[in-house]
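Engineer: Numbering (the numbering used here), first residue to last: 1 to 391. Glycine included, every Cβ here is placed at the ideal spot set by N, Cα and C.
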Amino acid sequence: MSEKSIIVNIDPYDNILWSDSNEYTKVMLENTFCNIARAGADTVFWRVTCIGKVFYWSNIEYRHDGGINKNAYKVKNFIEKYDPTELAVEYARKYNLNIYIWMTMYDDFYPGMTSRLIKEHPEFQWVDRSGDVYFKGVVNYCYPEVREYKLAMVKELVNYEADGFYLSMRSHAPHLNVYDIEDMFGYNKPIVEEYEKRYGINILKYNSVKTYRKNKVTWIEYIDDGFDKELWHRLKGEYHTMFIKDVRKVTKEKGQKLIVHVAGDYNGIYPLGQTNKKSARFYTDYRNWVREDVVDGILYIPPVPQTDSKGQPTTWGNEEYDLTQELEYMRYYREAIKDKAKLYMWHHVNVKYNRWDCINTIAREVFEKDQSNLIDGIVLHEAATFEYGRR
Numbered sequence: 001m002s003e004k005s006i007i008v009n010i011d012p013y014d015n016i017l018w019s020d021s022n023e024y025t026k027v028m029l030e031n032t033f034c035n036i037a038r039a040g041a042d043t044v045f046w047r048v049t050c051i052g053k054v055f056y057w058s059n060i061e062y063r064h065d066g067g068i069n070k071n072a073y074k075v076k077n078f079i080e081k082y083d084p085t086e087l088a089v090e091y092a093r094k095y096n097l098n099i100y101i102w103m104t105m106y107d108d109f110y111p112g113m114t115s116r117l118i119k120e121h122p123e124f125q126w127v128d129r130s131g132d133v134y135f136k137g138v139v140n141y142c143y144p145e146v147r148e149y150k151l152a153m154v155k156e157l158v159n160y161e162a163d164g165f166y167l168s169m170r171s172h173a174p175h176l177n178v179y180d181i182e183d184m185f186g187y188n189k190p191i192v193e194e195y196e197k198r199y200g201i202n203i204l205k206y207n208s209v210k211t212y213r214k215n216k217v218t219w220i221e222y223i224d225d226g227f228d229k230e231l232w233h234r235l236k237g238e239y240h241t242m243f244i245k246d247v248r249k250v251t252k253e254k255g256q257k258l259i260v261h262v263a264g265d266y267n268g269i270y271p272l273g274q275t276n277k278k279s280a281r282f283y284t285d286y287r288n289w290v291r292e293d294v295v296d297g298i299l300y301i302p303p304v305p306q307t308d309s310k311g312q313p314t315t316w317g318n319e320e321y322d323l324t325q326e327l328e329y330m331r332y333y334r335e336a337i338k339d340k341a342k343l344y345m346w347h348h349v350n351v352k353y354n355r356w357d358c359i360n361t362i363a364r365e366v367f368e369k370d371q372s373n374l375i376d377g378i379v380l381h382e383a384a385t386f387e388y389g390r391r
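#1: How far does the beta strand (DSSP E) with I203 in it reach, from first residue to last?
#2: Please name the residue in D293, T241, W356 and D107 whose C-alpha comes closest to that of A37.
#3: For K342, does the count of other Cβ atoms within 10 angstroms reach 16, so buried, or fall short, so exposed?
#4: Assign V146 to one of two classes, buried (16 or more other C-beta atoms within 10 Å of its C-beta) or exposed (fewer than that).
#5: Counting Cβ pairs, one atom from each stretch, are 3 or more of them under 8 Å apart for the stretch 59–68 and the stretch 178–189?
#6: Note down the Cα distance separating T211 from K136, rounded to an integer number of angstroms.
#7: Please classify N188 as buried or exposed, where buried requires at least 16 neighbouring CB atoms within 10 angstroms.
#8: Do the stretch 75–91 and the stretch 246–258 make contact, defined as three or more Cβ pairs closer than 8 Å?
#9: Classify I68: buried if its beta carbon has 16 or more other beta carbons within 10 angstroms, exposed otherwise.
#10: In terms of alpha-carbon separation, which member of C358, L327 and V351 lies closest to Y344?
#11: Output needed for D296: all residues of its chain with C-beta closer than 8 Å, excluding positions within five of it in sequence on either side, in chain order.
#12: Check T241 in the structure and name its three-state DSSP category.
#13: Taking Cβ positions, are C142 and I201 nearer each other than 7 Å?
#14: Give the secondary structure of Q325 by DSSP, where H, G and I count as helix, E and B as strand, and everything else as coil.
#15: Distance check for E368 and Y24, CA to CA, integer angstroms please.
#16: Among the residues of its own chain, which have a CB less than 6 Å from the CB of V399, if the five just before and after it don't count?
#17: Beta-carbon within less than 8 Å of Y266's beta-carbon, same chain only, minus the 5 sequence neighbours each way: which residues are those?
#18: In the structure shown, what three-state DSSP assignment does M113 receive?
#19: Got a sec, what are the start and stop residues for the beta strand (DSSP E) W219 sits in?
#20: So, with DSSP's three-state summary, where would you put V133?
The structure is reproduced here in structure tokens:
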């Protein structure tokens, strides 16, 4: 295995909001790139989509204005003056860093920051069996209109001439979703119709309904004769794969790499977002992505953070954090994809690592523990933690 990559995530929203200055400047952004390079990293993932709006001068989606945060004006002022993504590519080149455009697939809503797509077409979100309750902010790629809209954004973004694209399933939406009924969402019309066409079963049908109250929320449970959930998950996953294949065609024409996020159980059925809620799941067919040369790499992110003895989320740097557990997940992925694609591992950075030189320290420790050479690199989340000591 060749030399391993050290990748640092830059979420400009966090960098701008957390800065001590009343005004965020080009110099401050350039210093971030400079410090990442000096610390020994070779690549950055530059986030362009965040909870509904975008960090580039898009003609399609709303530009970021900071939303309801008290420091929102700093975000709005910066993006009105500069195209952040244009600057990011410029600084990456200046400091010899590879740069990947980081685009989220399922993160279109937060209070005050709804995407144009969701605002104009709320019906494109994942929906429950009743057809009345939406998983807010989570679009469903079963709609051709959603795939076309998001692909148009990709076509804008490849023109920045970055080195590649990173498609993420991470989302803030699950944290706003009060429901944790397993497989509650995913009954959108195209899915229902295709399932019935293939298997002769209308998955909307049920025999009775049971309601109950929990945590001040009314829960609805549909009682039916059952249908094959595995076939349903795989069908939902087909639409996810359709979009990834569409993106691959566009990035390949530009000579840009494609890395895609996977998370959780290695069999490929995942909850959306970093949460243990399993109310919206689908099959991610990463084995075939690799086999068919759809992706150049996959990035594993634990679907749920490890917790310490007090039940609190724990990260690398906490004495209770078990890196061996994460590496065992990586072993499953490595055995599945062999050496046909790169394999990367994500790490949330503990706030005690609040210096730039910690980038190399963390990477070195992880690589030393990876005795089996399972991973091709580590992705550290995020730059703002090293810079400001926050997460």
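Structural biologist: Result, derived from the coordinates:
#1: Locating residue 203 in the sequence shown gives position 203, counting from the first residue. Counting along the chain, I203 falls outside any beta strand (DSSP E), and DSSP gives it neither H nor E.
#2: Residue 37 sits at position 37 when you count from the first residue of the sequence shown. Comparing Cα positions, the closest option is W356.
#3: Residue numbering aside, residue 342 sits at position 342 when the sequence shown is read from its first letter. When all chains shown are included, K342 counts as buried.
#4: What you label residue 146 is simply residue 146 of the sequence shown in a count that begins at 1. Classification of V146: buried, given that the 10 Å Cβ count is 16 or more.
#5: no
#6: Translated into the one-based positions of the sequence shown, residue 211 becomes position 211. Translated into the one-based positions of the sequence shown, residue 136 becomes position 136. In a straight line, the C-alpha of T211 is about 22 Å away from that of K136.
#7: For this step, residue 188 is matched to residue 188 along the sequence shown. Buried, because 16 or more other Cβ atoms sit within 10 Å of the Cβ of N188.
#8: no
#9: Sequence index remark: in the sequence shown, residue 68 carries index 68 (1-based). With fewer than 16 other Cβ atoms from the protein chains shown falling within 10 Å of its own Cβ, I68 counts as exposed.
#10: Here the question's residue 344 lines up with position 344 in the sequence shown. It is L327.
#11: Residue 296 sits at position 296 when you count from the first residue of the sequence shown. Excluding residues within five positions, the ones whose Cβ falls inside 8 Å are G164, K257, L258, I259, A341 and K342.
#12: Within the sequence shown, residue 241 is the residue found at index 241, counting from 1. Residue state, collapsed to three classes: helix.
#13: Counting from one through the sequence shown, the residue named residue 142 turns up at place 142. Counting from one through the sequence shown, the residue named residue 201 turns up at place 201. No.
#14: Residue numbering aside, residue 325 sits at position 325 when the sequence shown is read from its first letter. Looking at Q325 - three-state DSSP - the assignment turns out to be helix.
#15: By 1-based counting over the sequence shown, the position of residue 24 is 24. By 1-based counting over the sequence shown, the position of residue 368 is 368. Rounded to the nearest angstrom, the two C-alpha atoms are 37 Å apart.
#16: Within the shown structure, residues of the chain are numbered from 1 to 391, placing residue 399 beyond reach of any answer.
#17: Here residue 266 is taken as the residue at index 266 of the sequence shown, counted from 1. The predicted position of Y266 is uncertain, since its pLDDT is 47 and thus under 50; a value taken from the coordinates is nonetheless stated next. Contacts found: Y329, Y332, Y333 and A336.
#18: The count along the sequence shown starts at 1 and reaches residue 113 at position 113. If DSSP states are grouped into helix, strand and coil, M113 belongs with coil.
#19: Stepping through the sequence shown from its first residue, residue 219 is reached at position 219. Where W219 is concerned, the enclosing beta strand (DSSP E) stretches over V217 to I223.
#20: Position 133 of the sequence shown, counted from the start, is the residue given in the question as residue 133. The answer is coil: DSSP assigns V133 none of H, G, I, E or B.
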